[in-house]
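In case it helps, numbering that gives the first Met the number 0 puts the sequence shown at residues 0 to 621.
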Amino acid sequence: MRADRDTFIDQIKQFDTDTLRSLAVSLYDELSQLRMIQFENERISTEAHIQFSELNGKYAAIVRENEELKKLLEKEIEKNALRTKSIFGRKTEGFPALLDALDNPEEEPVDEDTAEDAGPAKERRTRVIDFESHKGGQGAGGGHTKKNPGLADSLGKLPRQIIYDLDVDALNEQYGENNWRIAYWHQHKQLMKLDTPYYTQVVYTPVVSVGLEHDLFTIPYRNPLIDKSSVSCTIIADILYRKFALGLPFYRQALDYRMQGIALAKQTIINWVGALVPEVCEEVYEFMTQLLVGYRYTQCDETYIQVNKDGYGPGHKSFLWVHTSSELTDCPPVIIFCYEETRGTDHLRHFFREFLGYITCDAYISYRVLEEESGGDILTTGCFMHCRRYFAEAFFVQNVAAMNDDELTALPETKALLLIRGIYQEENKLKEITADERTIAREENVAPKVDAFFEYIHFLEGSDNVFSDRMKKAITYALNQEKNLRRFLTDGNIPCDNGHVERVIRSYSVGRANWLFADTINGAKINAIMYSIVETAKANQANILIYLQYLFEQIPLRRMRGDKDFMADMMPWSEAYRTYEEKKQQQRQSLYGQLFPEPERPRTPRKRDRNAGMPEGNGLTA
């Protein structure tokens, strides 16, 4: 480089002034060009840096958004799993029945008619948790099923039409005359229905001619239900039974009546119901309410009802509060529905203003407020069914299909559910004993199971394990409700859960799915009255249809007589009603039995009967 520089200096020494000037200008132009190139490169570099910074910021934002979307996706997957389980899967109320014992799985009774081939022995292994194949029993713990009478038993109690299916000519042709006899008869039963179960009752009242002048006087007649109306106690009972026991809306009933040739319009039905239910049934409803408030042990829950003309905007939901007597007491069961426009505490304050005792309920804050305001006169007890539901939901969001038995067993959700199942297994053994015996048995057998459950829940709370949001909610619920959940151990009349009232609500929900809403507030109150009466009758094993007939027949009759204090006889467990129901059943047997007189049983034709009418001398002997 040094030699090149020296050579260049020697060369320019030989240049004249003009040449040097020209060379300097050329070098200056090249230098300017290079500076422009440098400036352009710096500009491009700056822009590239700016763009890089912007892209880097956008990338960071995309990463953050992606993380948020992942969290949202996980939550949606969780919600969808729960939603799918709630629609297509088994309900969580029966979840303990879905959990097999870890060491000694309980065997279930097998229906030989429906049992399938279990396959090779090596494939018949029991999973700790089996959602699809395990049969749950009644109640939370399973194993307690209620036997209902079969169809054959029912057929034996109905009126009978006897038919002897005998074709003598066909038998003679097939087997030969005088070559067969009737050994015995086979019996085949079919359930039949009369074509027209309705009839018209015509009441004639005389017009009396009096004295020599023959003055005419009409003996007045007044329909005891609605004057100058065609309604009767049997038809209004039929309408109410089909609406509130079977869930058949009024417009469908009107269609059914029309199909049977009865022009009974929907509006006529609504008018009858709107007039008669408050007039006849409201006093029964109030009497039942007073009985329930006088009990010491009750259960409560609430559900929604939509009322179109309630003064609120579209989509507003009113509520039906449901109060029942404890399922474990010896008192006659009473079930009360109460319509309220809101879910506020005011209803509880009003309904339980004279109540002293225990209320089994969920963790809704209004019950806690009621307990605090009562000063200890009212104590709320918790619901293990709700507690179990939280853990079941936490379990359902797990990918259990990809887990083996050991992994399933190791889940804290599984352990919590198995501990709750143990509580129900011991509790279900105490259904048929007295309250005092149940209290003692709970102290010996149930309390240790409850202690073990809460000991494990406290362990989970203090552990460093990472739980799902559902599991965190389950643990929090159990800890917050521990005092209330333990309270049933102190009194044998207190149930361990609120399943009884939820089963009552389920009957109402089936009807609501058909009729959808109440048009007016008065209609909502009528719903509350009728569901109270129907469900109370059902709980007392009364024939609902006959019981409704009893109310609409006897209450107007008692009032016409001037009777007072007869409401006790109107209860579905009263001796007066039981006698009435028995007589009604007997009358039905007698009435319909007369339609089918019993024929004479055919006998094998005698020889002389077979030879009758034959010409003499044909060679045949008698």
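Glycine included, each C-beta is placed from N, C-alpha and C at the ideal position. From a predicted model like this one, the values you see are computed outputs, not experimental measurements.
What did DSSP end up calling Q173 once you bin it into helix, strand or coil? Your numbering for residue 173 matches position 174 in the sequence shown. In the structure shown, Q173 sits in a helix (DSSP, three-state: H, G or I).
Contact check, Y338 vs S317, beta carbons under 8 Å: Within the sequence shown, numbered from 1, the residue matching residue 338 stands at position 339. Within the sequence shown, numbered from 1, the residue matching residue 317 stands at position 318. Going by C-beta atoms, Y338 is nearer than 8 Å to S317.
Output the distance between the C-alpha atoms of P108 and L478, rounded to the nearest integer angstrom. Against the sequence shown, residue 108 aligns to sequence position 109. Against the sequence shown, residue 478 aligns to sequence position 479. Reliability fails at P108, whose pLDDT of 37 lies under 50, so the model's placement of it is uncertain and no value is given.
Tell me S682's beta-bridge partners as DSSP assigns them. The requested residue 682 does not occur in the structure, where the chain is confined to residues 0 to 621.
Using the Cα positions of M559 and Y366, report the straight-line distance between them to the nearest angstrom. Here residue 559 corresponds to residue number 560 of the sequence shown, with the count starting at 1. Here residue 366 corresponds to residue number 367 of the sequence shown, with the count starting at 1. Our two residues, M559 and Y366, have alpha carbons roughly 43 Å apart in a direct line.
Under the assumption that R159 contacts T603 (Cβ atoms under 8 Å), give the Cβ distance between them as a whole number of angstroms. To locate residue 159, count along the sequence shown from 1; it is residue 160. To locate residue 603, count along the sequence shown from 1; it is residue 604. Rounded, the Cβ-Cβ distance is 24 Å, inconsistent with contact.
DSSP-derived helix/strand/coil call for D709: In the structure as shown, the chain begins at 0 and stops at 621. Residue 709 is therefore absent and cannot be evaluated.
Please confirm if E282 has its CB atom under 8 Å from at least one CB of chain C. Annotation note: the requested chain C is absent from the structure, which comprises a single protein chain.
For W184, count the other beta carbons within 10 Å of its own beta carbon; 16 or more makes it buried, fewer makes it exposed. Which is it? Start at 1 with the first residue of the sequence shown, and residue 184 comes out as number 185. Under this definition W184 is an exposed residue.
Cα separation between L68 and N398? Residue mapping note: residue 68 aligns to position 69 of the sequence shown, counting from 1. Residue mapping note: residue 398 aligns to position 399 of the sequence shown, counting from 1. About 20 Å.
Locate the alpha helix (DSSP H) running through C386, then write down its first and last residues. Sequence index remark: in the sequence shown, residue 386 carries index 387 (1-based). Residues 383-395.
Can you tell which of S153, L170, D15, E282 has its C-alpha closest to the C-alpha of M570? Here residue 570 corresponds to residue number 571 of the sequence shown, with the count starting at 1. Looking at the Cα atoms, E282 is the closest of the given residues.
Per-residue DSSP class, three states only, for Y256: Position 257 of the sequence shown, counted from the start, is the residue given in the question as residue 256. Y256: helix per DSSP, three-state reduction.
With distances taken Cα to Cα, identify the nearest neighbour of S531 among F243, N178, T204, L327. Sequence index remark: in the sequence shown, residue 531 carries index 532 (1-based). Comparing Cα positions, the closest option is F243.
Who are the Cβ neighbours of I269 in its own chain at under 8 Å, not counting the five residues just before and after it? Stepping through the sequence shown from its first residue, residue 269 is reached at position 270. Around I269, the same chain offers F249 as residues with beta carbons nearer than 8 Å, after the five sequence neighbours per side are excluded.
Excluding five sequence neighbours on each side, which residues of the same chain lie with their C-beta closer than 6 Å to the C-beta of G381? Position 382 of the sequence shown, counting from 1, holds the residue named residue 381. Once the five neighbours on either side are set aside, the close Cβ partners of G381 are Q480, N483, L484.
Consult DSSP for T199 and reduce its assignment to one of helix, strand or coil. Position 200 of the sequence shown holds residue 199. In the structure shown, T199 sits in coil (DSSP, three-state: anything other than H, G, I, E or B).
Tell me the DSSP secondary structure of T603 in three-state form. The residue given as residue 603 occupies position 604 in the sequence shown. It is coil, neither helix nor strand.
Please list the terminal residues of the continuous beta strand (DSSP E) segment that includes S208. The residue labelled residue 208 in the question sits at position 209 within the sequence shown. That run of the beta strand (DSSP E) goes 206-209.
Rounded to whole angstroms, what is the Cα-Cα separation between K192 and R502? Counting from 1 along the sequence shown, the entry for residue 192 is found at position 193. Counting from 1 along the sequence shown, the entry for residue 502 is found at position 503. When rounded, the distance between both Cα atoms is 31 Å.
Could you give the DSSP three-state label for F466: helix, strand or coil? Residue 466 sits at position 467 when you count from the first residue of the sequence shown. It is coil, neither helix nor strand.
Might you give, ordered along the chain, the residues of its own chain that have their beta carbon closer than 7 Å to the beta carbon of L263, omitting 5 neighbours on each side? As a working note, residue 263 is residue 264 in the sequence shown. A253, Y256.
How many whole angstroms separate the CB atoms of A541 and Y576, which I take to be in contact at a CB cut-off of 8 Å? Stepping through the sequence shown from its first residue, residue 541 is reached at position 542. Stepping through the sequence shown from its first residue, residue 576 is reached at position 577. About 7 Å; that satisfies the 8 Å criterion.
Quick one: which unbroken beta strand (DSSP E) runs of 3-plus residues sit fully inside the stretch 395-438? Chain order, please. none
Grab me the residues of V449's own chain with a C-beta within less than 8 Å of its C-beta, minus the 5 sequence neighbours each way, in chain order. On the sequence shown, residue 449 is found 450 positions in, with the first residue counted as 1. I422, L484, R485, L488.
Please classify F38: does DSSP put it in a helix, a strand, or coil? Walking along the sequence shown from the start, residue 38 turns up at place 39. In the three-state reduction of the DSSP assignment, F38 falls in the helix class, which pools H, G and I.
V321 vs C299 beta-carbon contact at 8 Å: Reading the sequence shown from its first residue, position 322 is the one you call residue 321. Reading the sequence shown from its first residue, position 300 is the one you call residue 299. Yes, the pair counts as a contact, with Cβ atoms nearer than the cut-off.
Assuming V622 and W271 make a contact with CB atoms under 8 Å, what is their CB distance in whole Å? A query on residue 622 cannot be resolved here, the shown segment of the chain reaching from 0 to 621 and no further.
Look at the Cβ atom of R348, then the Cβ atom of L319, and state whether they are nearer than 8 Å. For the purposes of this step, residue 348 is identified with residue 349 of the sequence shown, where counting begins at 1. For the purposes of this step, residue 319 is identified with residue 320 of the sequence shown, where counting begins at 1. Contact flag unset, no.
For the alpha helix (DSSP H) containing G461, name the first residue and the last one. In the sequence shown, counting from the first residue as 1, residue 461 sits at position 462. Its alpha helix (DSSP H) spans residues 446-461.
Could you give the first and the last residue of the continuous beta strand (DSSP E) run that contains C674? Only positions 0 to 621 of the chain appear in this structure, which leaves residue 674 out of reach.
Report the option in A151, Y163, Q200 whose CA atom is closest to the CA atom of P596. The residue you call residue 596 lines up with position 597 of the sequence shown. Among A151, Y163, Q200, the Cα nearest to that of P596 belongs to Y163.
Extent of the continuous beta strand (DSSP E) run through L215: Mapped onto the sequence shown, residue 215 falls at position 216. Its beta strand (DSSP E) spans residues 214-217.
Could you check if E212 is buried or exposed, using at least 16 other CB atoms within 10 Å of its CB as the buried criterion? Locating residue 212 in the sequence shown gives position 213, where the first residue counts as 1. Answer is exposed; the Cβ neighbour count stays below 16.
Suppose only complete runs of 4+ residues qualify. What are the alpha helix (DSSP H) ranges in the stretch 514-565, listed by chain order? With a minimum length of 4 residues, the continuous alpha helix (DSSP H) runs that stay inside the stretch 514-565 are 520-538, 543-560.
Confirm the yes/no value for this check: CB of D564, any heavy atom of the ligand SAM, distance under 7 Å. What this structure holds is no ligand at all, so the ligand SAM is not there to describe.
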